[in-house]
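With our numbering applied, the sequence shown corresponds to residues 6 to 440, in that order.
Glycine included, every Cβ here is placed at the ideal spot set by N, Cα and C.
Down below is the structure, laid out as structure tokens.
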Amino acid sequence: MSVPGDKSISHRAAIMAALAEGDSRLYNFSTSADCASTLECLRRLGVTVERDGNVCHVQGVGRTGLRPSAEPLDCGNSGSTMRMLAGVLAGQDFVSELTGDESLNSRPMRRVIEPLELMGAQVSSVDGRAPLRIKGRRPLKAISYAMPVASAQVKSCILLAGLNAKGRTEVLEPPLSTRDHTERMLRYYGASVQQKQVERDGRTLVSVSVDGLARLRDRGGMIPGDISSAAFFIVAAALLPQSKLKIVNVGLNITRTASLFSTLTSLGAGLRINPAGSSSVAEDFYEPIGAIDVSGGAGLAPAEEGRSNVLGGALIPQLIDELPMLAVLGTQVLGGFTIKDASELRVKESDRITATVENLRAMGADVEEHEDGLTIKRRTQLHGAKLNSYGDHRIAMAFTVAALIAEGESYLAGADCVKVSFPEFFQTFRSVIER
Ligand code: S3P
């Protein structure tokens, strides 16, 4: 099987293609509603975007060529759209308004407002939440910013704003902290990006910086399949005895996969990763791609001394979107499973800790809720139940997998929200399940 193009990479490719000079064709563009929101916002900002199936043709207007939108820009359910466009709009010489659905307008935005104001934009909000009104300034001031939360969206917002800043804009974060698609993509489009390790207050940090006032060149390419969408199938295949599943053309960026694969293999899941080509092959968007083989039913338990069934610390930001799925997997781990240091989950598309705990309890799991995670106390055979997506695509998909491994039937309310990242999810599932 394959999965649709990566959502994170598609947002970035569309935005950078819009800011480039010339036309870019983006193949295997994400089919998600979130990326459609990004495209629609770009259109409202004067960019011509045509779509033919999964091919997206963007006619770039250059870094200073966007036009003000008469209407507020509707980011729908997409945090990436809002936070990344906030960075782009901060460096324009006009006023913009960014809004979203009820969920998005309740999520924290101070994390982007603060650095953008330091750079010289004026941003008003509703108590730190959207709608955001952004009065841009050109050029912005370059800043050096140590991120208080581990967030790729915040990092990307600042780096995109940095394109319209005078000088070099720097973001500091712990090593291998958050996904690095923006850094790769900026380079691919011709910006000058530097990454280096620095020591600050006795801590080793990674400094990512971009030179401002650069010109981006038009560049297209093939977007890899979304590893976060693949994750539901990987876990389902790992849990269902005798499964054999091959997922092809999927993104293997280490900042997305390292923690996920190490967690799964250390619990005994049967995974084989087959990167395509070698690092000397120039990859589209500088993103590695390959195939993943999964064989199921190994029985999950921490494999060796020193490996534990506690997931926390630096691993968390790299598999943040996979945590609801891993919590479901955790109900099948001998000795139980704990997720900690993950309070960011409470401010995603839903409060993913409460949503996961409530659904797991409905299915008979013995689970404790913590402020920053949850503990599944022992391995349990789940039973069918009435489940709720809480309007959150990742909850809907994680609990579809839970329903598959449960005894009896389950009903999932609000299942259509899967369209936010993976509209073909149920169809794809049907295509790989053997009855
Ligand atoms: C994303 C980063 C993550 C992730 C989201 C997509 C991105 O959010 O949860 O689904 O594309 O940069 P944060 O950066 O806020 O953790």
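What are the uninterrupted segments assigned as alpha helix (DSSP H) that are 4 or more residues long and contained completely in the stretch 223-265, given in chain order? Within the stretch 223-265, the runs of alpha helix (DSSP H) that reach at least 4 residues and sit entirely inside it are, in chain order, 232-244.
Going straight from the alpha carbon of residue 35 to that of residue 342, what length do you get? As a working note, residue 35 is residue 30 in the sequence shown. As a working note, residue 342 is residue 337 in the sequence shown. The C-alpha of residue 35 lies about 32 Å from the C-alpha of residue 342.
Classify residue 28 as helix, strand or coil using the three-state DSSP reduction. Within the sequence shown, the letter at position 23 stands for residue 28. Reduced to three states, the DSSP call for residue 28 is strand.
Just reading off the beta strand (DSSP E) that residue 393 is part of, what are its end residues? Locating residue 393 in the sequence shown gives position 388, counting from the first residue. Looking at the DSSP string, the run of the beta strand (DSSP E) that includes residue 393 is 391-393.
Burial state of residue 174 (16 or more Cβ within 10 Å): Your numbering for residue 174 matches position 169 in the sequence shown. The Cβ neighbour count for residue 174, taken over all protein chains shown within 10 Å, is at least 16; the residue is labelled buried.
For a quick check, are the C-beta atoms of residue 82 and residue 105 less than 9 Å apart? By one-based count along the sequence shown, residue 82 stands at place 77. By one-based count along the sequence shown, residue 105 stands at place 100. Taking a C-beta distance under 9 Å as the contact criterion, residue 82 and residue 105 qualify as a contact pair.
Would you report the Cα separation of residue 285 and residue 380, rounded to the nearest angstrom? By 1-based counting over the sequence shown, the position of residue 285 is 280. By 1-based counting over the sequence shown, the position of residue 380 is 375. At residue 285 the pLDDT is 49, less than 50, meaning the model places this residue with poor confidence; the figure from the coordinates comes in the next sentence. Taking the straight line from one Cα to the other gives about 43 Å.
Answer with buried or exposed for residue 311, where buried requires no fewer than 16 other C-beta atoms within 10 angstroms of its C-beta. Numbered from its first residue, the sequence shown carries residue 311 at position 306. Interpretation of residue 311 is limited by its pLDDT of 49, a score under 50 that renders its predicted location unreliable; the figure taken from the coordinates is listed afterwards. Classification for residue 311: exposed.
Per-residue DSSP class, three states only, for residue 414: Numbered from 1 along the sequence shown, position 409 holds the residue referred to as residue 414. Assigned with DSSP and collapsed to three states, residue 414 falls in coil, not helix or strand.
Buried or exposed: where does residue 415 fall if 16 or more other Cβ atoms within 10 Å of its Cβ makes it buried? For the purposes of this step, residue 415 is identified with residue 410 of the sequence shown, where counting begins at 1. By the 10 Å Cβ count, residue 415 comes out buried.
Can you check whether the CB of residue 268 is closer than 9 Å to the CB of residue 278? As a working mapping, residue 278 is identified with position 273 in the sequence shown. As a working mapping, residue 268 is identified with position 263 in the sequence shown. If you check the CB distance, residue 278 and residue 268 do not come in under 9 Å.
Please list the terminal residues of the continuous alpha helix (DSSP H) segment that includes residue 39. Position 34 of the sequence shown, counted from the start, is the residue given in the question as residue 39. Residues 38-49.
By DSSP, does residue 311 sit in helix, in strand, or in coil? Against the sequence shown, residue 311 aligns to sequence position 306. Low per-residue confidence applies at residue 311: pLDDT is 49, beneath 50, and the placement is therefore not dependable, though the value from the model is reported in the following sentence. Reduced to three states, the DSSP call for residue 311 is coil.
Could you tell me whether any non-hydrogen atom of ligand 1 is closer than 8 Å to the CB of residue 159? The sequence position of residue 159 within the sequence shown is 154, counting from 1. Proximity of the beta carbon of residue 159 to ligand 1 is indicated: a heavy atom of the ligand is located closer than 8 Å.
List, from N- to C-terminal side, the alpha helix (DSSP H) runs of 4 residues or more that fit wholly inside the stretch 311-353. Runs of the alpha helix (DSSP H) inside the stretch 311-353: 328-335.
Nearer than 8 Å: is that true of the beta carbon of residue 88 relative to any heavy atom of ligand 1? One-based indexing of the sequence shown puts residue 88 at position 83. Answer for residue 88: yes, Cβ within range of ligand 1.
Reference residue 217; option with closest CA among 191, 228 and 224: Translated into the one-based positions of the sequence shown, residue 217 becomes position 212. Of the listed residues, the one whose Cα sits closest to residue 217 is 191.
Runs of 4 residues minimum, wholly inside the stretch 121-174: which ones carry the alpha helix (DSSP H) assignment? Counting only runs of 4 or more, we get 157-167.
When every heavy atom of ligand 1 is checked, does at least one fall within less than 8 Å of the C-beta of residue 325? Along the sequence shown, read from residue 1 onward, the residue named residue 325 stands at position 320. At least one heavy atom of ligand 1 is nearer than 8 Å to the Cβ of residue 325, so yes.
Does the distance from the C-beta atom of residue 116 to that of residue 143 stay below 9 Å? Start at 1 with the first residue of the sequence shown, and residue 116 comes out as number 111. Start at 1 with the first residue of the sequence shown, and residue 143 comes out as number 138. In this structure, residue 116 lies away from residue 143, with their beta-carbon atoms at least 9 Å apart.
Quick one, are the C-beta atoms of residue 426 and residue 398 less than 9 Å apart? For this step, residue 426 is matched to residue 421 along the sequence shown. For this step, residue 398 is matched to residue 393 along the sequence shown. Closer than 9 Å, so yes.
At least three beta-carbon pairs within less than 8 Å, the stretch 365-382 to the stretch 327-334: Segments in contact, yes.
Looking at C-beta atoms only, is the number of pairs between the stretch 63-72 and the stretch 16-25 that lie closer than 8 Å three or more? Segments in contact, yes.
Classify residue 436: buried if its beta carbon has 16 or more other beta carbons within 10 angstroms, exposed otherwise. The count along the sequence shown starts at 1 and reaches residue 436 at position 431. Burial check for residue 436: the Cβ neighbour count within 10 Å stays below 16, so the residue is exposed.
Near residue 244, what residues of its chain come up, given a Cβ to Cβ distance below 7 Å and the 5 sequence neighbours on each side ignored? For the purposes of this step, residue 244 is taken as residue 239 along the sequence shown, with counting starting at 1. Contacts found: 301, 334, 337 and 410.
If you run the structure through DSSP and keep just helix, strand and coil, what is residue 432? What you label residue 432 is simply residue 427 of the sequence shown in a count that begins at 1. In the structure shown, the three-state DSSP call for residue 432 is helix.
Check the C-beta distance from residue 413 over to residue 401 and give it rounded, since I have them as a contact under 8 Å. Position 408 of the sequence shown, counted from the first residue, corresponds to residue 413. Position 396 of the sequence shown, counted from the first residue, corresponds to residue 401. With a Cβ gap of about 19 Å, residue 413 and residue 401 do not count as contacting.
Going by DSSP, what residue range makes up the beta strand (DSSP E) through residue 82? The residue you call residue 82 lines up with position 77 of the sequence shown. From DSSP, residue 82 is part of no beta strand (DSSP E); its letter is neither H nor E.
Spatial neighbours of residue 365 within its chain, please: CB distance less than 6 Å, with the 5 preceding and 5 following residues excluded, ordered by chain position. The sequence position of residue 365 within the sequence shown is 360, counting from 1. Excluding residues within five positions, the ones whose Cβ falls inside 6 Å are 372.
Please confirm whether any heavy atom of ligand 1 lies closer than 8 Å to the CB of residue 260. Locating residue 260 in the sequence shown gives position 255, where the first residue counts as 1. Look at residue 260: its beta carbon is at least 8 Å from all of the heavy atoms in ligand 1.
For ligand 1, is there any heavy atom lying closer than 8 Å to the beta carbon of residue 155? On the sequence shown, position 150 is the one that residue 155 refers to. Residue 155 Cβ: within cutoff of ligand 1.
Using a threshold of 9 Å, state whether the C-beta atoms of residue 167 and residue 147 are closer than that. Position 162 of the sequence shown, counted from the first residue, corresponds to residue 167. Position 142 of the sequence shown, counted from the first residue, corresponds to residue 147. Cβ atoms of residue 167 and residue 147: closer than 9 Å.
Is residue 12 a contact residue of ligand 1, with contact defined as CB to any heavy atom under 8 Å? Here residue 12 refers to the residue found at position 7 of the sequence shown. Yes, the beta carbon of residue 12 sits closer than 8 Å to at least one heavy atom of ligand 1.
Can residue 179 be considered in contact with ligand 1, in the sense that its beta carbon sits closer than 8 Å to one or more heavy atoms? Indexing the sequence shown from 1 puts residue 179 at position 174. No, since every heavy atom of ligand 1 falls outside the 8 Å radius drawn around the Cβ of residue 179.
Classify residue 259: buried if its beta carbon has 16 or more other beta carbons within 10 angstroms, exposed otherwise. Position 254 of the sequence shown holds residue 259. By the 10 Å Cβ count, residue 259 comes out exposed.
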